[in-house]
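Everything in the sequence shown is counted per our numbering, starting at 3 for the first residue and increasing by one. Even glycine gets a Cβ: it sits at the ideal position worked out from N, Cα and C.
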Amino acid sequence: MLLDEIARQMAPQVPSGTEVLAGLEMGGIPVVTALGRQTGLPCAFVRKRANPYGTCSLAEGAEVEDRRVLIVEDVVTSGGQIVLSTADLRGPGAQVGEALCVIDRQQGGADALAAQNIELLSLLTAADLRAAAAAEAPPGGRSRRRARPRPRRLPR
3 MLLDEIARQM APQVPSGTEV LAGLEMGGIP VVTALGRQTG LPCAFVRKRA
53 NPYGTCSLAE GAEVEDRRVL IVEDVVTSGG QIVLSTADLR GPGAQVGEAL
103 CVIDRQQGGA DALAAQNIEL LSLLTAADLR AAAAAEAPPG GRSRRRARPR
153 PRRLPR
């Protein structure tokens with residue numbers, strides 16, 4: 003249910019004209035599956051490298067060749083895997099101009115992607131999460147959670 007809600011919130015950020023959602027192995031696969039259900043768009047599952055057996059394909063599922071593809075990822079830090087996978091997908095003709103993630107950790111990923119002509123879209127950023135945590139913290143910064151009581155030792 004949580005993943006469906008995340009996908010519901012991400013769906014309006016899918017760029018108009020997107021033909022295929024491409025989830026990156028591993029974290030992007032559950033996100034792209036839920037997002038595909040929300041948008042009705044076909045999905046491709048993108049490996050870090052093509053397997054030397056089976057179909058020997060980099061991407062399984064929907065065809066990406068000559069189609070407008072949106073990369074989907076769970077968390078973006080440096081953006082390195084998106085850069086590598088996008089280069090691999092562009093080779094056979096996929097048109098990749100954007101990547102959508104659940105959380106942008108704001109540690110250089112957007113800049114690395116921009117250098118490759120990829121716009122990073124995100125549901126949440128690290129700053130959003132810090133602001134939400136600060137809003138929830140009681141005065142003094144201590145957590146509201148109570149420590150679990152220690153089990154009492156029985157006398158011997």
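Open item on the list: Using the three-state DSSP reduction, which class does residue 70 fall into: helix, strand or coil?
Closed with: strand
Open item on the list: By the three-class DSSP mapping on this structure, what secondary structure does residue 105 have?
Closed with: strand
Task: Local Cβ density within 10 Å of residue 38, reported as buried at 16 or more and exposed below that - done: buried
TODO: Could you tell me whether the Cβ atoms of residue 125 and residue 40 are closer together than 7 Å?
DONE: no
Task: Inter-stretch contact (C-beta, 8 Å, three-pair minimum) for the region 61-72 and the region 104-119 - done: no
Task: residue 129, enclosing alpha helix (DSSP H) - first and last residue - done: 128-138
Task: Among 139, 27, 36, nearest to residue 13 - alpha-carbon criterion - done: 36
- [ ] Give the DSSP-derived three-state secondary structure of residue 122 in the structure shown.
- [x] strand
TODO: Return the CA-CA distance between residue 27 and residue 101, expressed in angstroms with no decimal places.
DONE: 14 Å
Open item on the list: With a threshold of 8 Å, are at least 3 pairs of Cβ atoms found where one atom belongs to the region 128-140 and the other to the region 83-95?
Closed with: no
TODO: Could you say if the region 3-10 and the region 44-63 meet the contact criterion of at least three C-beta pairs nearer than 8 Å?
DONE: no
- [ ] Return the residue from the list 20, 51, 116, 32 that minimises the CA-CA distance to residue 80.
- [x] 116
Task: DSSP beta-bridge partners of residue 97 - done: 70
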